[in-house]
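Undergrad:
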Amino acid sequence: MRKKQIKRVLQILLITGSIASLWFVPWILVRAWILPLPDTVQEQLGEAVDLGFDGIIVYVDQGGKPPAFYAEGWKDRDNKIPADPNSLFKIASISKLYTAVALTKLVKEQRLSFEASLVDYFPELRGRIENADEITLKMMVQHRSGIPNFTDNPAYWENEQENSQKALEFALDLPARFKPGKDYEYSNTNYLLLRRIMDTVLGYNHHEYIKEKILQPLELNNTFFSLEEVDLEDVMSGYYVGYDQDFKANENGMLATAEDVGIFLRALNDGSVFGEGEQELYPYEYEHGGLVVGYQSLAEYHHDINTAVVQFVNTTDFNGYEWNLSEIVLGRIVKIIRRGQEQ
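First residue of the sequence shown? That's 5 in my numbering, and the numbers climb one at a time after it.
Quick look at the structure:
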């Protein structure tokens with residue numbers, strides 16, 4: 005077959021494949037992407053609710069300006085309570101930032117070492133977690149340990165609330181995902197173990213250490229570690245597409261207001277959360293997202309516009325479309341903020 009003929013056949017195949025793929029495009033995401041950019045953040049939130057979110061909260065802290073609070077949709081759709089920008093929200097994996105900062109402080113205090121191995125702290129895990137003697141704490145902080153993620157184990161989700169009390173069991177005696185330090189794969193097991201290491205070294209719950217070293221100095225009075233510490237009525241409801249249930253009463257760890265997360269995020273990025281010599285040791289990220297059933301959160305810091313943005317959405321789904329939609333919405337909010345700074 006001549007080169008021109010081959011090229012033509014490839015073009016036809018490419019076009020045919022592209023057309024066929026359109027049948028699988030989540031059109032809600034396409035619509036969210038192509039809609040004209042609104043003039044204000046509040047209008048963008050209204051658009052997000054129109055696209056399917058039950059409720060959304062956004063906190064914006066632009067350097068040199070008073071912080072701005074936005075909310076749209078429902079805090080509690082069953083009781084028709086409007087979204088409140090000061091509601092408590094389950095921040096899920098954003099909590100890893102607080103853990104990483106606390107670990108850094110313990111390393112600076114020479115109570116931990118990022119270069120120590122997992123078996124240095126938990127000898128009993130030798131043989132239960134592959135390569136445990138080669139996995140360092142820094143690898144675990146950076147998700148480069150190869151330890152399997154317990155939330156990837158289907159058995160864990162058969163009863164998440166009960167199984168969360170024995171979560172480590174769902175990652176033990178499994179083959180490593182890769183050799184320590186040779187790859188990256190996000191694993192909640194890393195941080196489960198790191199928090200237990202902190203408890204062991206401290207001799208008390210690491211929550212108290214985080215309160216003393218991070219929350220109190222930053223005056224984060226609306227950040228908590230459990231539903232047991234708060235009034236449930238102050239917590240934003242959480243919903244899963246296709247279910248009528250409100251997942252607010254599920255225990256999922258840390259809760260905070262968007263403002264508290266925003267204050268912490270700025271302190272992390274400008275270095276004020278750290279003591280002398282600590283920031284140089286810090287081995288993790290400077291922004292994060294979080295996802296549990298009914299709750300998704302994004303916390304970003306944009307250095308070019310000196311702005312921290314925190315977004316809470318109380319709608320999740322199985323396919324991840326709601327997460328993708330949340331990312332699109334936040335991206336559009338940042339564009340609106342950036343455009344406002346340019347005017």
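Cβ atoms here follow ideal geometry from the backbone N, Cα and C, with glycine treated the same way.
Opposite residue 416 in the DSSP bridges: which residues?
TA: Residue 416 lies beyond the range of the chain shown here (5 to 347); nothing can be said about it.
Undergrad: Let me make sure I understand the geometry here. Which of 61, 55, 118 has the alpha-carbon closest to that of residue 288?
TA: Here the closest residue by C-alpha is 118.
Undergrad: Where does the unbroken beta strand (DSSP E) through residue 59 begin, and where does it stop?
TA: Unbroken beta strand (DSSP E) run through residue 59: 59-66.
Undergrad: Tell me which same chain residues have a C-beta within less than 6 Å of the C-beta of residue 211, skipping the five on either side of it?
TA: Cβ within range, chain order: 229.
Undergrad: Below 8 Å on the Cβ atoms is my contact criterion, and I expect residue 172 with residue 140 to pass it. Report the Cβ-Cβ distance as a whole number of Å.
TA: Rounded, the Cβ-Cβ distance is 19 Å, inconsistent with contact.
Undergrad: Quick one: what's got a C-beta closer than 8 Å to residue 39's C-beta in the same chain, skipping five residues either side?
TA: For residue 39, where only same-chain residues beyond five positions count, the Cβ hits under 8 Å are 51.
Undergrad: In three-state DSSP terms, what is residue 234?
TA: Residue 234: coil per DSSP, three-state reduction.
Undergrad: Where does residue 128 fall in DSSP's three states?
TA: Residue 128 falls in the helix class under three-state DSSP.
Undergrad: Can you tell me where the beta strand (DSSP E) with residue 299 in it begins and where it stops?
TA: Here the beta strand (DSSP E) through residue 299 covers 299-306.
Undergrad: Enumerate in chain order the residues of its own chain whose CB-to-CB distance from residue 318 is below 7 Å, with the five nearest sequence positions on each side excluded.
TA: Closer than 7 Å at Cβ, skipping near neighbours: 58, 59, 240, 241, 242, 243, 298, 299.
Undergrad: Are the beta-carbon atoms of residue 217 and residue 109 separated by less than 8 Å?
TA: Closer than 8 Å, so yes.
Undergrad: Can you give the beta carbon distance from residue 265 to residue 98, rounded, assuming they're within the 8 Å contact cut?
TA: That belief holds up - the Cβ atoms of residue 265 and residue 98 are roughly 6 Å apart, short of 8 Å.
Undergrad: Tell me whether residue 266 sits in a helix, a strand or coil according to DSSP, three-state version.
TA: Of the three classes helix, strand and coil, the one that applies to residue 266 here is helix, per DSSP.
Undergrad: To the nearest angstrom, report how far apart residue 25 and residue 90 are at their CA atoms.
TA: Residue placement at residue 25 cannot be trusted, given a pLDDT of 42 that sits under 50; what the coordinates show is reported in the next sentence. Taking the straight line joining both Cα atoms gives about 42 Å.
Undergrad: In the DSSP assignment, the alpha helix (DSSP H) including residue 165 goes from what residue to what residue?
TA: Note, residue 165: alpha helix (DSSP H), 164-167.
Undergrad: Any chance the region 35-49 sits against the region 333-343, with 3 or more Cβ pairs inside 8 Å?
TA: Yes, they touch.
Undergrad: For residue 269 versus residue 96, is the C-beta spacing smaller than 8 Å?
TA: Cβ distance not < 8 Å, so residue 269 and residue 96 don't count as in contact.
Undergrad: Under three-state DSSP, which class holds residue 335?
TA: Three-state result, residue 335: helix.
Undergrad: What separation, rounded to the nearest whole angstrom, lies between the Cα atoms of residue 12 and residue 31?
TA: Residue confidence is low: residue 12 scores 45 on pLDDT, short of 50, so the model does not pin down where it sits. No coordinate-derived value is stated.
Undergrad: Name the residue from 66, 163, 56 whose alpha carbon lies nearest to the alpha carbon of residue 78.
TA: Cα-wise, what sits closest to residue 78 is 56.
Undergrad: Tell me which residues share the same chain as residue 9 and place their Cβ nearer than 7 Å to its Cβ, disregarding the 5 neighbours each side in the sequence.
TA: Unreliable positioning characterises residue 9 in this predicted model, as indicated by a pLDDT of 43, which lies under 50. The coordinate reading is nonetheless provided below. Around residue 9: no qualifying Cβ.
Undergrad: Could you spell out the range, first to last residue, of the beta strand (DSSP E) harbouring residue 314?
TA: 311-317 is the span of the beta strand (DSSP E), which, as asked, contains residue 314.
Undergrad: Which two residues bound the contiguous beta strand (DSSP E) that contains residue 31?
TA: Here residue 31 belongs to no beta strand (DSSP E); instead the alpha helix (DSSP H) covers 31-38.
Undergrad: Classify residue 147 as helix, strand or coil using the three-state DSSP reduction.
TA: Coil, per DSSP.
Undergrad: I'd like the ranges of any alpha helix (DSSP H) spanning at least 4 consecutive residues and lying wholly in the region 169-218.
TA: With a minimum length of 4 residues, the continuous alpha helix (DSSP H) runs that stay inside the region 169-218 are 192-206, 210-214.
Undergrad: Looking at residue 277 and residue 105, is the spacing between their C-beta atoms short of 8 Å?
TA: Contact: yes.
Undergrad: For a test of the three-state rule: what should DSSP assign to residue 79, helix, strand or coil?
TA: Correct three-state label for residue 79: strand.
Undergrad: So is residue 261 in contact with chain D if we call contact Cβ pairs under 8 Å?
TA: No chain D appears in the structure shown, which is made up of a single protein chain.
Undergrad: What distance in whole Å lies between the Cβ atoms of residue 302 and residue 293, which are believed to be in contact at a cut-off of 8 Å?
TA: 5 Å between Cβ atoms; contact.
Undergrad: Looking only at DSSP bridge pairs, what is residue 350 linked to?
TA: Residue 350 lies beyond the stretch modelled for the chain, which goes from 5 to 347, so this question has no answer here.
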